[in-house]
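Its first residue numbered 1, the sequence shown is counted upward by one per residue in full-length UniProt numbering. Note that beta-carbon positions come from the ideal geometry of N, C-alpha and C, so glycine has one too. Below is one structure; the comments refer to it alone.
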Amino acid sequence: MYQPQQAPAKPNGAANAGAGQLADSEERIGNELIRELLRTYGLRTSLIRLKVIDALHAADRNGRSVGVRGIHAQLEQLDIPLSFLSVREVLKRLCAEGVISLGGDKCYSLNPEARAVLESAQIR
C-alpha cells in the first residue's frame, strides 16, 4: 500500500525561530516594489534577485550593510536553497548595474538611487 512521506517534524527551537522569521518577513518590502526597482534598472526579475534585494533592504533599514556570507546565512535561515556562489554572482551583477554598492569592508548596501525608487514606490 502506498504511504505518502510526511515532512520531518521540526524541533521546538525551529518553531520559535519561524515565528521570529515571520515577523521579520512582515516588515520587509513586498516583491512588487523590488520588481519595480529591477525594471527601473532594466533587469529581469528572478527569485534570487528578489531575495537578495529584500535582505539588503532589511539590513539597510537596520542601518547596516551586509556581506555575501551574511546574505547567504539569512537566506538559509529562511529555507531558501541558494548556493553561496549564486548569491555572490547576483551581488556582483547588482553592483555592476548600480543597484547596490560594495564598501571597503566588503559589505554591500543599496545605492541611494535604488533606495529612492523603493521609497517612492512605497508611497503610492
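Taking just the CA atoms, how far does residue 82 sit from residue 30? Reading the sequence shown from its first residue, position 30 is the one you call residue 30. Reading the sequence shown from its first residue, position 82 is the one you call residue 82. The alpha-carbon atoms of residue 30 and residue 82 are separated by roughly 20 Å.
Bounding residues of the alpha helix (DSSP H) (the contiguous stretch that carries residue 56): What you label residue 56 is simply residue 56 of the sequence shown in a count that begins at 1. Its alpha helix (DSSP H) spans residues 47-61.
State buried or exposed for residue 79, treating a residue as buried only when at least 16 other CB atoms are found within 10 Å of its CB. Taking the sequence shown and counting its residues from 1, the one referred to as residue 79 is at position 79. Exposed, by the Cβ-count rule.
To the nearest angstrom, how far is it from the Cα of residue 108 to the Cα of residue 71? Along the sequence shown, one-based indexing puts residue 108 at 108. Along the sequence shown, one-based indexing puts residue 71 at 71. Each residue's alpha carbon lies about 9 Å from the other.
With a floor of 4 residues, list each alpha helix (DSSP H) that falls wholly inside the segment 58-101, ordered by position along the chain. 68-77 and 84-96
Taking the beta strand (DSSP E) that residue 110 belongs to, which residues open and close that run? For this step, residue 110 is matched to residue 110 along the sequence shown. Taken as a continuous stretch (DSSP letters only), the beta strand (DSSP E) holding residue 110 covers 108-110.
Which stretch, first to last residue, makes up the alpha helix (DSSP H) that contains residue 132? Examination of residue 132 is not possible in this model, given that the chain is present from 1 through 124 alone.
Thinking just about the alpha-carbon of each residue, which of 104, 112, 119 and 117 is nearest to the one in residue 66? As a position in the sequence shown, residue 66 is number 66, starting the count at 1. The option with the nearest alpha carbon to residue 66 is 104.
Buried versus exposed call for residue 74 [16 or more other C-beta atoms within 10 Å across all chains shown]: Your numbering for residue 74 matches position 74 in the sequence shown. Per the 10 Å Cβ criterion, buried.
Are the Cβ atoms of residue 68 and residue 43 separated by less than 8 Å? As a position in the sequence shown, residue 68 is number 68, starting the count at 1. As a position in the sequence shown, residue 43 is number 43, starting the count at 1. Not closer than 8 Å, so no.
Going along the chain, which residues of its own chain have a beta-carbon closer than 8 Å to the beta-carbon of residue 95, five neighbours each way excluded? Position 95 of the sequence shown, counted from the first residue, corresponds to residue 95. Closer than 8 Å at the Cβ level, and outside the excluded window around residue 95, lie 101, 102 and 108.
Taking 8 Å as the CB-CB cut-off, is residue 108 touching chain D? No chain D is part of this structure, which consists of one protein chain only.
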